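**Q**
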Amino acid sequence: MNASDPRIVLTVIAAVAAGAALYLCWLRIRGMPRPRMAVLLGLRALLLSLVLLAVLSPQIRRTFTAARPAPLMVLVDTSQSMMELPTEGTSRYDEAVAALLQGPLAEALRRCEVQWLLTRDGTERVEALPETPEPHANSNLQAALSAPLRREHGRPPVACLLVSDGADDTNRPPARVAEALGAYGAPVYCLGVGSSDPVADVAIAGVVAPETVSEGQRFELRALVRAAGLEQSPVTLIAREDGRDLQTLTLEPGQAERRAVVELTAGAPGYHRYVLEARAEATEATAANNRRSVVVRVEPAEARLVWIEGSPRREYAFLRRLLLRVEELEPAILLRKRRPAEFWRDEGQPAAGSLSGVGELRRYRAVVLSNINAGALGSAFVEQLAEYVAGGGALAMLGGPDAFGAGGWAGTAVAETLPVRIAPGEGLLADGLSVTLSGDSELARALRESGIEQWERLPLLQGMNAVGGIRGGGKVVLQSVAGAAPVVAVGRHGAGRSLAVTVDDTWRWQQSPSADDHSRAAWEALWTGVLGWLIAPRSERQVVLDTGRDVWESGQIARAEIYVTDEEMRPLSDATVRLEIDGPDGEQTHLAEATATPGAWMVTLQAGLPGEYRLRAIAERGGEMLGEDARSVEVVEAVGELLHAARPEVLEAIAEATGGSYLPLERAEEMAELLPLEPLTQERTVVLQPTRTIAFFVLLLLTAGADWLLRRRWGVG
Amino acid sequence: MRKLAIITISLAFVLASAACAEEAVGRLKYGGGGDWYANPTSLPNLLAFAREHANLDLPQREVTVEPGSRDLHSFSFVHLTGHGRISFTPAEARNLREYLLGGGFLHVDDNYGLDESFRIAVREVFPDRDLIELPFSHPIYHCLFSFPGGLPKIHEHDGGPPHGYGIVHEGRVVLFYSHNTDLGDGWESAEVHSNPEEVRRQALRMGTNLLVYALSR
Numbered sequence: 002m003n004a005s006d007p008r009i010v011l012t013v014i015a016a017v018a019a020g021a022a023l024y025l026c027w028l029r030i031r032g033m034p035r036p037r038m039a040v041l042l043g044l045r046a047l048l049l050s051l052v053l054l055a056v057l058s059p060q061i062r063r064t065f066t067a068a069r070p071a072p073l074m075v076l077v078d079t080s081q082s083m084m085e086l087p088t089e090g091t092s093r094y095d096e097a098v099a100a101l102l103q104g105p106l107a108e109a110l111r112r113c114e115v116q117w118l119l120t121r122d123g124t125e126r127v128e129a130l131p132e133t134p135e136p137h138a139n140s141n142l143q144a145a146l147s148a149p150l151r152r153e154h155g156r157p158p159v160a161c162l163l164v165s166d167g168a169d170d171t172n173r174p175p176a177r178v179a180e181a182l183g184a185y186g187a188p189v190y191c192l193g194v195g196s197s198d199p200v201a202d203v204a205i206a207g208v209v210a211p212e213t214v215s216e217g218q219r220f221e222l223r224a225l226v227r228a229a230g231l232e233q234s235p236v237t238l239i240a241r242e243d244g245r246d247l248q249t250l251t252l253e254p255g256q257a258e259r260r261a262v263v264e265l266t267a268g269a270p271g272y273h274r275y276v277l278e279a280r281a282e283a284t285e286a287t288a289a290n291n292r293r294s295v296v297v298r299v300e301p302a303e304a305r306l307v308w309i310e311g312s313p314r315r316e317y318a319f320l321r322r323l324l325l326r327v328e329e330l331e332p333a334i335l336l337r338k339r340r341p342a343e344f345w346r347d348e349g350q351p352a353a354g355s356l357s358g359v360g361e362l363r364r365y366r367a368v369v370l371s372n373i374n375a376g377a378l379g380s381a382f383v384e385q386l387a388e389y390v391a392g393g394g395a396l397a398m399l400g401g402p403d404a405f406g407a408g409g410w411a412g413t414a415v416a417e418t419l420p421v422r423i424a425p426g427e428g429l430l431a432d433g434l435s436v437t438l439s440g441d442s443e444l445a446r447a448l449r450e451s452g453i454e455q456w457e458r459l460p461l462l463q464g465m466n467a468v469g470g471i472r473g474g475g476k477v478v479l480q481s482v483a484g485a486a487p488v489v490a491v492g493r494h495g496a497g498r499s500l501a502v503t504v505d506d507t508w509r510w511q512q513s514p515s516a517d518d519h520s521r522a523a524w525e526a527l528w529t530g531v532l533g534w535l536i537a538p539r540s541e542r543q544v545v546l547d548t549g550r551d552v553w554e555s556g557q558i559a560r561a562e563i564y565v566t567d568e569e570m571r572p573l574s575d576a577t578v579r580l581e582i583d584g585p586d587g588e589q590t591h592l593a594e595a596t597a598t599p600g601a602w603m604v605t606l607q608a609g610l611p612g613e614y615r616l617r618a619i620a621e622r623g624g625e626m627l628g629e630d631a632r633s634v635e636v637v638e639a640v641g642e643l644l645h646a647a648r649p650e651v652l653e654a655i656a657e658a659t660g661g662s663y664l665p666l667e668r669a670e671e672m673a674e675l676l677p678l679e680p681l682t683q684e685r686t687v688v689l690q691p692t693r694t695i696a697f698f699v700l701l702l703l704t705a706g707a708d709w710l711l712r713r714r715w716g717v718g
Numbered sequence: 523m524r525k526l527a528i529i530t531i532s533l534a535f536v537l538a539s540a541a542c543a544e545e546a547v548g549r550l551k552y553g554g555g556g557d558w559y560a561n562p563t564s565l566p567n568l569l570a571f572a573r574e575h576a577n578l579d580l581p582q583r584e585v586t587v588e589p590g591s592r593d594l595h596s597f598s599f600v601h602l603t604g605h606g607r608i609s610f611t612p613a614e615a616r617n618l619r620e621y622l623l624g625g626g627f628l629h630v631d632d633n634y635g636l637d638e639s640f641r642i643a644v645r646e647v648f649p650d651r652d653l654i655e656l657p658f659s660h661p662i663y664h665c666l667f668s669f670p671g672g673l674p675k676i677h678e679h680d681g682g683p684p685h686g687y688g689i690v691h692e693g694r695v696v697l698f699y700s701h702n703t704d705l706g707d708g709w710e711s712a713e714v715h716s717n718p719e720e721v722r723r724q725a726l727r728m729g730t731n732l733l734v735y736a737l738s739r
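Quick note, the sequences are listed as chains R and S, same order. With the first sequence counted from 1, adding 1 to any position gets you the numbering used here. With the second sequence counted from 1, adding 522 to any position gets you the numbering used here.
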């Protein structure tokens, strides 16, 4: 403070002014009685002092020292492995709670400002630790710990105490879990719960089987069985189909991982689901992972074909000779020798036969309806035929007076499968007919590659079945020169294929007045091509559905990949692909998303309720069906973290990365000493200004009021 | 436009004729002086019987065809009968052979007295093949009606059992020769030879088997 300080100058001036004011006041009241004069002078002096203080506004500084409990965050892992392990005795969670709520650590925590947190999708703050919290599935230790540490508001904790077994379902390496946690600046002290010994459990880790086998073929199912913690216990492996035990193997004790080979014989053609189940003699954590299934498709041993012929006729005689000549083709021929439906087997010695005698259609690669009317087959068989095509079979309808519309096929389920339209009442067209090769279908290309040219030059055919043109997705292979009516057409329906031949006298290319070597070669090329197209193996599917494994755990995020190609097996990228799912959850349809891989689509979904699901992938392009594929998937109960042994190394890594410490739960008492639990102290300085208080203001008013009132009463002007 | 063309053509042709679907049956008009035209009612009767008792699309009557004609190749089934001499020119023999090996079928029925001449003539057609007697188990005797004892005996002729011979090509009988039975007589109308009805029926059944065999093998 110096002389130039305005406050000093102001104080001096005020003091002089106050002295002058008191002197003037004394001059006015000096005649009054002495007591009154003393009161009035005292009041005036007080008033002037108060005014002077108000003008100068002096400040008073005071310093305090405060202490408060240390804020501590306690995070308790409530994942499935904490809540449900071990399977017998006290759970890891209960052990953790006991350590936190009793003993020296509990005493230490009571001196702190504890914030209790449970791991959830992130974390959940609770007032106190619940007795039995809901186990947390899909746990992620790093994510759960990051959420509370990443506090942007409020006071940061002095430390975090994590009580966990260190296991989560990400199964990340310790360094990955601890990664980045140190950046939050809060030391994490870890108490490790549970044993790091393997959890006693038997599981089938994997099953390998061939995708496709032939009927009657011997094949192997190779299984990898894990007996963690049960190395000294034998395991029984049972192979089943449709609830029927096929084989039982005993896997001798000795190792945790045991390999088993189940030899089986392929049954009837179709899809077969084989179930493998492992049984342990000792108690294990869960039986949900003891069963696995695999689907194997059984193909007919030979390229079997059913030929249903409407009547003995020259076209049939020629075709039958070809049928019996084709190598590796096993035809079953039913020839109708009397109407309406007396069928004979005709592939060898003639013998009475029947439609039912051919057995299940799925045993055959193709069915040929050669000039046979729908009524002769019966509605039930017609329905079976349509289902057979939709399920992946190949069907051909050959012309004649009992085929297509003339054969009563319009409006039937089979008509929907054919590549040509059939209208009721469509009969036969009788006129000389020459044909020409058309289109770029697989069969048309095969015919071109056969070297046959000038199809138009072939002997005239004498008529054809009237059809209403090509159906959506159908492709013409041969057509009439006049009118471009389809003579041979191919198409797809469902997972299968269909073919139509609308003429019935191609034998004229073999034997007629104008037949020659060229026409005979054309006949041979046509029908060899047709038969080859019909009995081509199903592996040439344009749509392939791949679900990876055929067993998913409930709640698991699963992927279904769908591969789509054109007829030349080139990947297609402009298709529309959908996945239909039918299972215990009901029916669902998912639109597949194209991936970066050309021709590959993907559907990501979450496995629902346990049970069997049928997945059907369907691909279309420009409204045209390209094909479909189907697979069965079994959803089993989730095993979750039931097999997770404790991972103290994860907790050690977290403690190290954050500057905390790790101790096993048995040493929880020591943790009380390690934690930074000393109360926090803080010095505070308070600045007081009495003249800025209401009390000062009131005192000023009262003094001034009293001065004014007494002056008036005692007659002072 | 394309659809319109199809419809137009369809209307023009619809149900024009079913003739194209019928199997052509011929009678072989051979040379040598034999009565190739014998048993005139036989084939119409057989065709009628076969249409009635089997699921065959057959014409009302047969068509006469010469062995050297290219038209021969249009026929699904050709019948040859007679009592006398038969001969083929080399061109006829070649055409007949080509027809049979190409998928045709010839039934030769000895109407009595044809055997010696036919066996010589068939050598002209198939110099490298022999007529072999077919076993009773052959499909030709069982493909619709069953003849466990082989050919039925229709006429006595020289007595003795009837014989069925065949020329076989790639497992298929392309020529069937019925000897010492006279199936054609059995196919004739009842008043022609006064055969018992059962005998006629047996002949017609065997003839139907020949047609079924020819149209399915």
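Where a beta carbon is used, it is the ideal one built from N, C-alpha and C, also for glycine. All values derive from a computational prediction rather than experimental measurement.
(1) If Val436 (chain R) and Val488 (chain R) are in contact, beta carbons under 8 Å, what's the gap, nearest whole angstrom?
(2) Please report the Cβ distance between Thr284 (chain R) and Thr88 (chain R), rounded to the nearest whole angstrom; I am assuming they are in contact, meaning their Cβ atoms lie under 8 Å.
(3) Between R:Lys338, R:Leu438, R:Gly495 and R:Thr507, which lies nearest to Gln463 (chain R) when the distance is taken from Cα to Cα?
(4) Along the beta strand (DSSP E) that carries Arg326 (chain R), what are the first and last residues, could you check?
(5) For Pro7 (chain R) and Val56 (chain R), I'd like the C-alpha separation in whole angstroms.
(6) Since I believe Gln116 (chain R) is in contact with Val688 (chain R) (beta carbons under 8 Å), could you give me their beta-carbon distance rounded to a whole number of angstroms?
(7) Which of helix, strand or coil does DSSP assign to Gln683 (chain R)?
(8) Mind checking who Gln116 (chain R) pairs with in its DSSP beta bridge?
(9) Mapping the DSSP letters down to three states, classify Asn577 (chain S) as helix, strand or coil.
(10) Just the chain S side, please: which residues come within less than 8 Å of Phe382 (chain R) by C-beta, in chain order?
(11) Which residues in the same chain have their Cβ closer than 8 Å to the Cβ of Thr590 (chain R), if we skip the five residues on either side of it in sequence?
(12) Starting from the beta carbon of Leu516 (chain S), find every residue of chain R whose beta carbon is closer than 7 Å, and list them in chain order.
(13) Is it the case that the region 652–660 of chain R contacts the region 181–189 of chain R, given that we only count it when at least three CB pairs across the two stretches are under 8 Å?
(14) How big is the Cα-Cα spacing for Ala257 (chain R) and Glu232 (chain R)?
(15) Within the same chain, show all residues whose beta-carbon is closer than 7 Å to that of Leu516 (chain S), passing over the 5 residues directly before and after it, in chain order.
(16) Quick one: using the 10 Å Cβ neighbour count with 16 as the cut-off for buried, is Asn567 (chain S) buried or exposed?
(17) Check the Cβ of Phe319 (chain R) against every Cβ in chain S and list those closer than 8 Å, keeping chain order.
(18) Under the assumption that Arg68 (chain R) contacts Thr682 (chain R) (Cβ atoms under 8 Å), give the Cβ distance between them as a whole number of angstroms.
(19) Could one say the Cβ of Pro351 (chain R) lies closer than 9 Å to chain S's Cβ atoms, at least one of them?
(20) For Gly641 (chain R), count neighbouring Cβ atoms within 10 angstroms of its own Cβ and tell me buried if that reaches 16, exposed if not.
(21) Taking Pro670 (chain S) as part of the beta strand (DSSP E), name the residues at either end of that continuous run.
(22) Since Asn567 (chain S) meets chain R, which of its residues come closer than 8 Å, beta carbon to beta carbon?
(23) Is there a Cβ from chain A that is less than 9 Å from the Cβ of Val695 (chain S)?
(24) List the residues of chain R whose Cβ lies closer than 8 Å to the Cβ of Asp747 (chain S), in chain order.
(25) Please report the distance separating the alpha-carbon of Ala224 (chain R) from that of Pro211 (chain R).
(26) My understanding is that Val636 (chain R) touches Ser520 (chain R), with C-beta atoms under 8 Å, so please give their C-beta distance in whole angstroms.
(27) For a test of the three-state rule: what should DSSP assign to Gln724 (chain S), helix, strand or coil?
(28) Given a threshold of 16 other Cβ atoms within 10 Å of its Cβ, counted over all protein chains shown, does Phe344 (chain R) qualify as buried or as exposed?
(29) Using a C-beta cutoff of 9 Å, does Asp347 (chain R) count as contacting chain S?
(30) What is the residue span of the alpha helix (DSSP H) that Tyr687 (chain S) lies within?
(31) List the residues of chain S that Ser520 (chain R) touches, going by C-beta distances under 7 Å, in chain order.
(32) Tell me the rounded alpha-carbon separation between Ser540 (chain R) and Arg583 (chain S).
(33) Just checking my contact of Leu419 (chain R) with Ser499 (chain R) at CB under 8 Å: how many whole Å lie between their CB atoms?
(34) Between which residues of its own chain and Arg259 (chain R) is the CB-CB distance below 7 Å, once the five residues before and five after are set aside?
(35) Starting from Trp308 (chain R), trace the beta strand (DSSP E) both ways and give me its first and last residue.
(36) Hey, would you say Thr704 (chain R) sits closer than 9 Å to Leu47 (chain R), going by beta carbons?
**A** So, from the data block:
(1) 5 Å
(2) 7 Å
(3) R:Thr507
(4) Where Arg326 (chain R) is concerned, there is no enclosing beta strand (DSSP E), although the alpha helix (DSSP H) it sits in stretches over Arg315 to Arg326.
(5) 12 Å
(6) Between Gln116 (chain R) and Val688 (chain R) the Cβ distance is about 34 Å, and since that is not below 8 Å, they are no contact.
(7) strand
(8) R:Met74
(9) coil
(10) By Cβ distance, chain S contributes nothing, its closest Cβ being about 18 Å from Phe382 (chain R), past 8 Å.
(11) Arg579, Leu580, Glu581 and Ile582
(12) Only positions 523 to 739 of chain S appear in the structure, and residue 516 (chain S) is not among them; the question remains open.
(13) yes
(14) 5 Å
(15) Limits of chain S in this structure are 523 at one end and 739 at the other, which puts residue 516 (chain S) out of reach.
(16) buried
(17) Gly625
(18) In the sequence on display, residue 68 (chain R) carries Ala and not Arg. Right, the Cβ-Cβ distance comes to about 5 Å (below 8 Å), so this counts as a contact.
(19) yes
(20) buried
(21) Unbroken run through Pro670 (chain S): none, as it is neither H nor E.
(22) Chain R residues near Asn567 (chain S): none, gap ~19 Å exceeds 8 Å.
(23) The chain labelled as chain A is not found among the protein chains of the depicted structure, namely R and S.
(24) With chain S covering 523 to 739 only, the question about residue 747 (chain S) has no answer from this structure.
(25) 13 Å
(26) That belief does not hold up - the Cβ atoms of Val636 (chain R) and Ser520 (chain R) are roughly 59 Å apart, past 8 Å.
(27) helix
(28) buried
(29) yes
(30) Counting along the chain, Tyr687 (chain S) falls outside any alpha helix (DSSP H), though it belongs to the beta strand (DSSP E) covering His685 to His691.
(31) By Cβ distance, chain S contributes nothing, its closest Cβ being about 11 Å from Ser520 (chain R), past 7 Å.
(32) Caution applies to Ser540 (chain R), whose pLDDT of 48 falls short of 50 and renders its modelled position unreliable; the value that the coordinates give is listed next. Each residue's alpha carbon lies about 52 Å from the other.
(33) 5 Å
(34) Val226, Ala228, Val236 and Leu252
(35) Ala304 to Glu310
(36) yes
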